[in-house]
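Visitor: Here the sequence shown is numbered in full-length UniProt numbering, starting from 1 and rising by one per residue. Think of the CB as a built atom: it goes at the ideal place given N, C-alpha and C, for glycine as much as any other residue.
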Amino acid sequence: MKAVRTLITTAIVVAMLALGVLFALANDGIVALDVLIYRFESGSLALWVLLALALGGVLGLLASSVMMLRLRARNASLTRKLTRVKTELEKLRTAGLTDGE
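(1) Assuming Trp48 contacts Val31 (C-beta within less than 8 angstroms), just tell me the rounded distance between them.
(2) Which first and last residues belong to the alpha helix (DSSP H) in which Arg5 is found?
(3) Quick check on DSSP: helix, strand or coil for Ser44?
(4) If I measure Cβ to Cβ from Ala46 and keep anything under 6 angstroms in the same chain, skipping five residues before and after, which residues do I get?
(5) Got a sec? Which residues, its chain only, sit under 8 angstroms from Asp34 by beta carbon, not counting five neighbours each side?
(6) What whole-angstrom Cβ distance do Ser42 and Gly29 have, given they're in contact under 8 angstroms?
Right, here's the structure in full:
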């Protein structure tokens, strides 16, 4: 199963690289990127678009990583709380049986 997953992942990466090359070949125009306080050197349109896409992907991964870390911490906290409650419940059950006899 792991080999199939690796094969599929490799095929997707190769397909994405091929699409990136085709996109770069189709968009060979030169543009200058000017943001409010800085002007970047002229570069190909495909380069700027692919860089923007990559930056958006990285920022999205960072944002989702922060959310995942919060969720994992919350999950660990709730798991510890559940363990404490189960232990307390078991003590109460056994205490009730020994006191009642």
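Guide: If we stick to the structure as given:
(1) Counting from one through the sequence shown, the residue named residue 48 turns up at place 48. Counting from one through the sequence shown, the residue named residue 31 turns up at place 31. Confirmed, Cβ separation roughly 6 angstroms.
(2) Here the question's residue 5 lines up with position 5 in the sequence shown. Start and end: 2-26.
(3) Indexing the sequence shown from 1 puts residue 44 at position 44. Three-state result, Ser44: strand.
(4) By one-based count along the sequence shown, residue 46 stands at place 46. These residues qualify, in order along the chain: Phe23, Ala24, Asn27.
(5) Walking along the sequence shown from the start, residue 34 turns up at place 34. The answer, listed in chain order, is Phe40.
(6) Residue numbering aside, residue 42 sits at position 42 when the sequence shown is read from its first letter. Residue numbering aside, residue 29 sits at position 29 when the sequence shown is read from its first letter. That pair is no contact at about 10 angstroms.
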